[in-house]
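Here's the structure we're looking at; comments come further down.
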Amino acid sequence: MCQRPSVPMIAPSILSADFANLAAEAEAVTGSDWLHVDVMDAHFVPNLTLGLPVVESLLNATDIPLDCHLMIEDPGRWAPPYAEAGAYNVTFHAEATDDPLAVARDIRAAGGKAGLAIKPGTDLEPYLEILRDVDTLLVMSVEPGFGGQSFIPEVLSKVRTVRALVDAGDLSVLVEIDGGINADTIEQAAEAGVDCFVAGSAVYSADDPGRAVAALRAQAAAHWPTTVAD
Ligand code: DX5
Ligand code: ZN
């Protein structure tokens, strides 16, 4: 995608928000870089959340760019409409398609940034070439499906691999991490080279979600690798 952001990006996940008050919950995290929207279909993951109609309503309710994380089967069919609707970044799972290049191409053709997500147990190596054709790599640090789970630190080796390739100029992709990010875990993720941090329960269980976002960003910035600047 573009250059590395100059400061850590924070993407609050509305999975931990009040679904009956999503406009207010988005407003509560004004200043966030992206608003992370977890779309689950009860097939790819054992949970069901929301779909395109709710995303369309959210697009009308907030100016925060939407980061749609599609935990669904058949993303080739379902992902491009999220980009057409105006979602900024549309991420689908590598495990859900045989043709990630085609899905990424169709998301981009529909006007969105394209993201590839990999589950904690999925190897990075088979997807390294494909990373040339996506904008975002979403490294899952919990099994997808539910908020509030514990961070799996072993996935950071994948972050380090991609960070090194990006810093060497061999790849241009934004590295995002999702799952179990909070004040206890964000520093190690920042040190590994994450650009964008998804946080659900750490933000929406706080008394002041907006302050929680700012605190997480400051904490990550204090552990931002020094090699990244320009
Ligand atoms: C899990 C979702 C995450 C979830 C993260 O499948 O993809 O985005 O909201 O929640 P926390 O930050 O509570 O782990
Ligand atoms: Zn997510």
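Start counting the sequence shown at 40; every next residue gets the next number (the working numbering).
Note that the Cβ used here is the ideal one computed from N, Cα and C, for glycine as well.
Residue i, enclosing alpha helix (DSSP H) - first and last residue
| i | result |
| --- | --- |
| D206 | L195 to D206 |
| N99 | L91 to A100 |
| D145 | P139 to A148 |
| I225 | I225 to A231 |
| A65 | L61 to E66 |
| V242 | S240 to Y243 |
heavy atom of the ligand ZN below 8 Å from residue i C-beta
| i | result |
| --- | --- |
| S52 | yes |
| G218 | yes |
| H132 | no |
| P104 | no |
| E108 | The residue you asked about is not Glu; residue 108 is His in the sequence shown. At least one heavy atom of the ligand ZN is nearer than 8 Å to the Cβ of H108, so yes. |
| D234 | no |
Opening and closing residue of the beta strand (DSSP E) in which residue i lies
| i | result |
| --- | --- |
| A156 | K152 to I157 |
| D217 | L213 to D217 |
| V78 | L74 to M79 |
| P51 | M48 to P51 |
| L105 | L105 to M110 |
Cutoff 8 Å; reference residue i; Cβ partners in own chain excluding five residues on either side
| i | result |
| --- | --- |
| A141 | G115 |
| V267 | At V267, the pLDDT of 47 sits below 50, so the modelled position is not reliable; the number obtained from the coordinates is stated separately. Only R43, D206 and G232 meet the Cβ criterion. |
| E64 | I53, A56, D57, Y243 and P248 |
Residue i to residue j span [Cα, whole Å]
| i | j | result |
| --- | --- | --- |
| G154 | D246 | 31 Å |
| M48 | D137 | 30 Å |
| A222 | Q258 | 8 Å |
| T69 | L105 | 12 Å |
| L54 | E226 | 23 Å |
| T278 | K158 | Since the displayed the chain opens at 40 and closes at 269, residue 278 lies outside it and no answer follows. |
| S240 | G187 | 6 Å |
| A260 | E230 | 10 Å |
| T224 | P165 | 27 Å |
| V178 | E95 | 26 Å |
| R74 | V198 | Correcting the residue type first, residue 74 is Leu in the shown sequence and not Arg. When rounded, the distance between both Cα atoms is 21 Å. |
| V181 | E168 | 24 Å |
| D269 | D172 | Its pLDDT being 45, under 50, D269 is placed unreliably by the model, and nothing is read from it. |
| N128 | P92 | 17 Å |
Check: residue i C-beta below 8 Å from any heavy atom of the ligand SAM
| i | result |
| --- | --- |
| V237 | Although the ligand SAM was asked about, the structure shown includes only the ligand DX5 and the ligand ZN as ligands. |
Residue i: CB within 8 Å of a non-hydrogen atom of the ligand DX5
| i | result |
| --- | --- |
| Q227 | no |
| V214 | no |
| G90 | no |
| A241 | yes |
| D57 | no |
| V184 | According to the sequence provided, residue 184 is Gly. The question's Val does not apply to it. Yes, since a heavy atom of the ligand DX5 falls inside the 8 Å radius drawn around the Cβ of G184. |
Supposed contact pair residue j and residue i - C-beta distance, whole angstroms, cut 8 Å
| i | j | result |
| --- | --- | --- |
| C235 | A50 | 6 Å |
| S211 | V205 | 7 Å |
| V46 | R256 | 7 Å |
| A133 | G150 | Not quite, the Cβ-Cβ distance comes to about 22 Å (not below 8 Å), so this is no contact. |
| F190 | G218 | 7 Å |
Cβ-based neighbour list, residue i, same chain, cut-off 7 Å, excluding 5 preceding and 5 following
| i | result |
| --- | --- |
| P85 | G184 |
| F125 | First, the amino acid is wrong: residue 125 is Gly here, not Phe. L98, listed in sequence order. |
| V78 | T88, L89, G90, C107, H108, L109, M110 and I111 |
| A67 | P248 and G249 |
| M40 | Confidence is the limiting factor: at M40 the pLDDT is only 49, short of 50, which leaves the residue's position unreliable, though a coordinate-based value still follows. Excluding sequence neighbours, M40 sits near K152, D174, T175, S211, V212 and L213. |
| S52 | H75, D77, G186, V237, A238 and G239 |
Beta-carbon contacts of residue i that lie in its chain and below 6 Å, excluding the five residues immediately before and after
| i | result |
| --- | --- |
| D145 | P119 |
| A81 | L87 |
| Y243 | S55 and A56 |
| A228 | I216 |
| A62 | A100 |
| P192 | none |
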